[in-house]
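Visitor: Note that this note's numbering has the sequence shown beginning at 4, numbered continuously upward.
The beta carbon of each residue, even a glycine, is placed where N, CA and C say it ideally should be.
Sharing a structure, written as structure tokens. Questions coming.
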Amino acid sequence: MSNSNNLPPTRVIRGDSTVDATRKIDTESAKPAKPTMKIDEDRPIRGDKPVNVDISKDTHFNASVKVDSQAASAKSEGGKSKANPPKTTLYRPGAIVEPEAAVAAQDTDAPVIGWLVVIDGPGKGTGFSFSYGDQSIGREPSNSIALDFGDTGISREGHANVIYDPQVREFFLTRGGNNVYHQGNRVPGNGEVNLQSGDNILLGTTTLKFVALCGKDFDWHDSQ
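Here it is in structure tokens:
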């Protein structure tokens with residue numbers, strides 16, 4: 004008697020002639036690592052010889068894998084996805100400021116009437132343009148002028164306000180709860196001071212220079 008270990012993994016046994024179905028015996032069913040072969044029952048069976056089988060038609064054992072090349076290429080070396088482009092950054096001399104630290108979004112149709120430029124302290128070199136209305140200054144992005152550069156001496160909301168009055172064509176500076184200094188002088192808590200182009204404003208350890216566009220000699224309403 005031949006050793007059973009020499010038998011092929013699968014043999015087809017032709018049963019009684021009254022039975023139409025062909026039985027399949029998987030001698031290595033206990034080994035899950037090897038797939039069971041599928042028998043083509045449409046082929047004639049001659050004698051007791053094993054029937055050639057074709058497992059390429061069995062999609063269950065199709066080992067091909069569809070690779071999403073775009074998804075794969077969207078991974079950087081650090082494992083972070085590049086599908087979403089990085090946020091735009093605001094460049095200034097010597098540093099990079101994220102959008103959260105930049106001025107809050109403004110109406111692009113609103114004309115510029117002046118600027119505030121950081122000339123000393125965190126965020127040095129960064130400038131902010133502004134238009135008509137009450138311009139609040141603070142660390143939070145909700146402010147018109149967001150100075151979120153790390154100076155914790157600046158209030159989160161409304162540390163100071165810059166206001167342009169188109170009737171008299173003058174700029175004014177008011178303060179919130181914390182101290183504000185204009186040209187080295189403390190701004191009164193319930194008062195306001197007149198701003199001239201070139202004046203300095205100190206909040207915390209941050210010094211801003213005010214530059215006016217509108218004033219006695221020019222206002223955007225003149226061209227309307």
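By Cβ distance, which residues of its chain are closer than 8 Å to G194, with the 5 residues on each side in sequence left out?
Guide: Counting from 1 along the sequence shown, the entry for residue 194 is found at position 191. So the list reads T177, once near-sequence residues are dropped.
Visitor: Using 10 angstroms around the beta-carbon of V121, count the other beta-carbons present and answer buried if the total reaches 16, otherwise exposed.
Guide: The residue you call residue 121 lines up with position 118 of the sequence shown. It counts as buried.
Visitor: In whole angstroms, what separates the C-alpha of A228 from that of T209?
Guide: Here the chain covers residues 4 to 227 and nothing more, so residue 228 does not appear.
Visitor: Assign T155 to buried or exposed, taking buried as 16 or more other Cβ atoms, counted over all protein chains shown, within 10 Å of its Cβ.
Guide: As a first step, residue 155 must be located in the sequence shown, where it is residue number 152. With fewer than 16 Cβ atoms within 10 Å of its Cβ, T155 is classed as exposed.
Visitor: Along the beta strand (DSSP E) that carries V165, what are the first and last residues, could you check?
Guide: For the purposes of this step, residue 165 is taken as the residue at position 162 of the sequence shown. Residues A163 to D168.
Visitor: Could you pull the start and end residues of the beta strand (DSSP E) that S132 belongs to?
Guide: Mapped onto the sequence shown, residue 132 falls at position 129. Start and end: G130 to F133.
Visitor: I believe L216 touches I116 by the beta-carbon criterion, under 8 Å. Please report the beta-carbon distance rounded to the nearest angstrom.
Guide: In the sequence shown, the residue the question calls residue 216 occupies position 213. In the sequence shown, the residue the question calls residue 116 occupies position 113. That pair is a contact at about 5 Å.
Visitor: Would you please state the rounded distance, in angstroms, between the beta carbons of Q138 and S132? I believe it to be under 8 Å.
Guide: Here residue 138 corresponds to residue number 135 of the sequence shown, with the count starting at 1. Here residue 132 corresponds to residue number 129 of the sequence shown, with the count starting at 1. Not quite, the Cβ-Cβ distance comes to about 10 Å (not below 8 Å), so this is no contact.
Visitor: Which value, in whole angstroms, describes the spacing of the CA atoms of D225 and Y135?
Guide: Start at 1 with the first residue of the sequence shown, and residue 225 comes out as number 222. Start at 1 with the first residue of the sequence shown, and residue 135 comes out as number 132. Near 14 Å, if we compare the C-alpha coordinates of Y135 and D225.
Visitor: Taking only the alpha-carbon atoms, compute the straight-line gap between G153 and E143 and give it to the nearest angstrom.
Guide: Taking the sequence shown and counting its residues from 1, the one referred to as residue 153 is at position 150. Taking the sequence shown and counting its residues from 1, the one referred to as residue 143 is at position 140. Approximately 11 Å between the Cα atoms of the pair.
Visitor: Excluding sequence positions up to five away, which residues of its chain have a Cβ less than 6 Å from the Cβ of S200?
Guide: To locate residue 200, count along the sequence shown from 1; it is residue 197. Cβ within range, chain order: V214 and A215.
Visitor: Could you please give me the residues that DSSP links to W2 through a beta bridge?
Guide: This structure leaves residue 2 out entirely; the chain is present only between 4 and 227.
Visitor: Which stretch, first to last residue, makes up the beta strand (DSSP E) that contains E173?
Guide: Locating residue 173 in the sequence shown gives position 170, where the first residue counts as 1. First-last of the beta strand (DSSP E) with E173: E173 to R178.
Visitor: Would you list the one or two residues that DSSP bridges to S139?
Guide: Here the question's residue 139 lines up with position 136 in the sequence shown. N164, per the DSSP bridge assignment.
Visitor: Would you tell me roughly how many angstroms separate the C-alpha atoms of F221 and N181, rounded to the nearest one?
Guide: Position 218 of the sequence shown holds residue 221. Position 178 of the sequence shown holds residue 181. When rounded, the distance between both Cα atoms is 33 Å.
Visitor: Kindly indicate the opening and closing residues of the beta strand (DSSP E) around V196.
Guide: Numbered from its first residue, the sequence shown carries residue 196 at position 193. Start and end: E195 to L198.
Visitor: For the beta strand (DSSP E) holding L206, just list the boundary residues, first then last.
Guide: Counting from 1 along the sequence shown, the entry for residue 206 is found at position 203. It spans N203 to L206 - the beta strand (DSSP E) in which L206 sits, taken as one unbroken run.
Visitor: Out of V165, I157 and G187, which one is the CA nearest neighbour of G207?
Guide: Within the sequence shown, numbered from 1, the residue matching residue 207 stands at position 204. The option with the nearest alpha carbon to G207 is I157.
Visitor: Any idea what DSSP makes of D123, helix, strand or coil?
Guide: Sequence index remark: in the sequence shown, residue 123 carries index 120 (1-based). Three-state DSSP puts D123 in a strand.
Visitor: Name the DSSP beta bridge partners of I148, please?
Guide: Position 145 of the sequence shown holds residue 148. I140.
Visitor: Excluding five sequence neighbours on each side, which residues of the same chain lie with their C-beta closer than 6 Å to the C-beta of I166?
Guide: The residue given as residue 166 occupies position 163 in the sequence shown. So the qualifying residues of the chain are D137 and F175.
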